[in-house]
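Taking full-length UniProt numbering, I'd label the letters of the sequence shown as residues 1 to 87.
Quick reminder that beta carbons are idealized off the backbone N, C-alpha and C, glycines included.
Since the structure is predicted, the reported quantities are computational estimates derived from the model, not experimental observations.
Just below is one structure, and these are the notes that go with it.
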Amino acid sequence: MNDPRKALWHKRQQMGRSKYLILFGLMPWGIGLSLVFGLIEFLRLGETLWVWLPIRLLVFALVGFFVANARWQSMERRYEPVGNERS
1 MNDPRKALWH KRQQMGRSKY LILFGLMPWG IGLSLVFGLI EFLRLGETLW VWLPIRLLVF
61 ALVGFFVANA RWQSMERRYE PVGNERS
C-alpha cells in the first residue's frame, strides 16, 4: 500500500513530538488566531487593545497544544507499525 499521507506522517514523526507540537500547534494556533482576533477587534473597534495580546497568545497557544497533541496521538494510532497490532 502506497499511501502518501503515511509517508508525510512518517516524515513529521521523525521531527519528534515536541517540535511537531510547536510547528503544528503552538505557532499556527497561538500566533495565527491572535492575529485574526486582533484584526477583527481592529475592524470592529477601530483600535487594537494591546492588553489582550498576551492573553490571546497564551489561550490560543494552549488550544493549539491540545489540538496538535490529539492529532499526534490519532496519527500514532492510525499508522502504528504492523508488528504492534492488537488482537
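Alpha helix (DSSP H) containing residue i: first to last residue?
i: residue 75; result: 52–78
Are the beta-carbon atoms belonging to residue i and residue j less than 8 Å from one another?
i: residue 56; j: residue 34; result: yes
i: residue 72; j: residue 5; result: no
i: residue 9; j: residue 67; result: no
i: residue 48; j: residue 38; result: yes
Please report the Cβ distance between residue i and residue j, rounded to the nearest whole angstrom; I am assuming they are in contact, meaning their Cβ atoms lie under 8 Å.
i: residue 21; j: residue 65; result: 6 Å
| field | Residue ranges of each alpha helix (DSSP H) within the segment 1–51, 4 or longer | value | 4–14, 17–21 and 33–45
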